[in-house]
Amino acid sequence: MQRILVTGGAGFIGSNFVHHLVEHTDATVTVLDKLTYAASRESLAGLPEDRVSLVVGDIADAAVVEPLVGEHDAVVHYAAESHNDNSLSDPSPFVQTNIIGTFTLLEAVRKAGVRFHHISTDEVYGDLELDDPERFTEQTPYNPSSPYSSTKAGSDLLVRAWVRSFGVQATISNCSNNYGPWQHIEKFIPRQITNVIEGIRPKLYGAGLNVRDWIHADDHSSAVWTILNKGEIGETYLIGADGEKNNLEVVEMILQHFGKAADDFDHVTDRAGHDLRYAIDSTKLRTELGWQPQFADFEAGLTNTIQWYVDHADWWRPAKQATEATYAAKGQ
């Protein structure tokens, strides 16, 4: 697979994957991205022009998608509307991008006979109790709780159906919460980091006891490349790095890094339907495909991420005031 089409490749997780391909393979990459607010050309800046090209377009537009797909050996589908709060305010873009967009891509790869990998989320499984000893596995029933996770669950089921009904050469991965470079500051970890940098107290939903299974975007990228090359067609693989931390612990770690008091934050109105706990069992990926995370130590990965935001204030600062104003209007 020397020619890779990456949808959403100018967004947070997708751009990290593009950087991973440039650093670790000799593949040429085409990024198809709508360049919404959550994406940026800057995330691809400095990459070699003879290996990475950007096409601005919508994955739901068959006239754009079909010719591009036919020119590539594989499609890695990152493009998605992914912010839970936004899905509660207006679900319609989530249906259009996550379901109609995935359908459009599946039809294109079916016609072209191209390998397809679909990026999904652990949120399709709903949530776990805080004291539940179990973790999500590939056999966990779907139980999405928001417009975002529901549309991602729907897109997963489309991929499974196209594999079974039409023989599409596809795999799926469901990943835990990502953190790392180029993540929009509306998201939890970069919001708290940039708040501290700007002299604003971090904001914690409710009591902060909601648990997420954090994974650095670099580890997500290496896992996806492993699945694309070694994964069995029609199979689903869960990607996680054993990084379970509750939101309070994460905020305290960020404050500690900057030499602030552990209680130097504000409690704010909780998100509606806020899932309690996500936890990934990535045994299948590790044992069958031989993948291991580089950032197994969450604190090390968080330190790496904090430094990135310190060094790239010119990228995130122009959006900071508007982002905080949006949260303030919701009491968050």
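Following the UniProt record's numbering, the numbering of the sequence shown begins with 1 at its first residue and continues without gaps. Built from N, CA and C at the ideal position, the CB exists for glycine as well.
Contacting residues, own chain, Cβ-Cβ under 6 Å from residue i (five flanking each side not counted)
| i | result |
| --- | --- |
| S43 | A10, S15 and W182 |
| D122 | F136, N174, S176, Y278 and I280 |
| Y37 | none |
| Q192 | P202, V251 and I254 |
| G301 | H216 and F295 |
Where residue i falls: helix, strand or coil (DSSP)
| i | result |
| --- | --- |
| R277 | strand |
| I119 | strand |
| Y237 | strand |
| T36 | coil |
| D58 | coil |
| N178 | strand |
| E244 | strand |
| T137 | coil |
Span of the beta strand (DSSP E) around residue i
| i | result |
| --- | --- |
| L204 | K203 to Y205 |
| E299 | E299 -> not in any beta strand (DSSP E); alpha helix (DSSP H) instead, spanning F298 to D311. |
| H77 | A74 to H77 |
| N174 | A170 to C175 |
| R3 | R3 to T7 |
| H267 | D266 to V268 |
Distance CB(residue i)-CB(residue j) smaller than 8 Å
| i | j | result |
| --- | --- | --- |
| V76 | L47 | no |
| L68 | L5 | yes |
| N178 | H220 | yes |
| A62 | A108 | yes |
| E186 | T305 | no |
| I59 | L32 | yes |
| Y327 | K203 | yes |
| I119 | Y148 | no |
| A225 | H20 | Looking at the sequence shown, residue 225 is not Ala but Trp. Contact flag set, yes. |
Same chain only: Cβ atoms within 8 Å of residue i, ignoring 5 sequence neighbours per side
| i | result |
| --- | --- |
| H72 | R3, I4, L5, T30 and V114 |
| S145 | E123, G126, D127, G273 and D275 |
| A74 | M1, R3, I4, L5, V114, R115, F116, H117 and L228 |
heavy atom of the ligand MN below 7 Å from residue i C-beta
| i | result |
| --- | --- |
| L54 | This structure lacks the ligand MN; in fact it carries no ligand of any kind. |
Nonlocal neighbours in the same chain, by C-beta distance under 7 Å from residue i, ignoring five residues either side
| i | result |
| --- | --- |
| D264 | R201 and L255 |
| P91 | P147 |
| F166 | R110 |
Practice item. May I ask you to verify whether the segment 164 to 180 touches the segment 229 to 248, counting CB pairs closer than 8 Å and requiring at least 3? Key: yes
Practice item. Report yes or no: do the segment 313 to 327 and the segment 252 to 264 share at least 3 C-beta pairs separated by less than 8 Å? Key: no
Review point. Are the segment 208 to 219 and the segment 237 to 253 touching, with three or more C-beta to C-beta distances below 8 Å?
Key: yes
Exercise for review: Decide yes or no for the touch test of the segment 93 to 105 against the segment 143 to 158: beta carbon pairs closer than 8 Å, at least 3 of them.
Suggested key: yes
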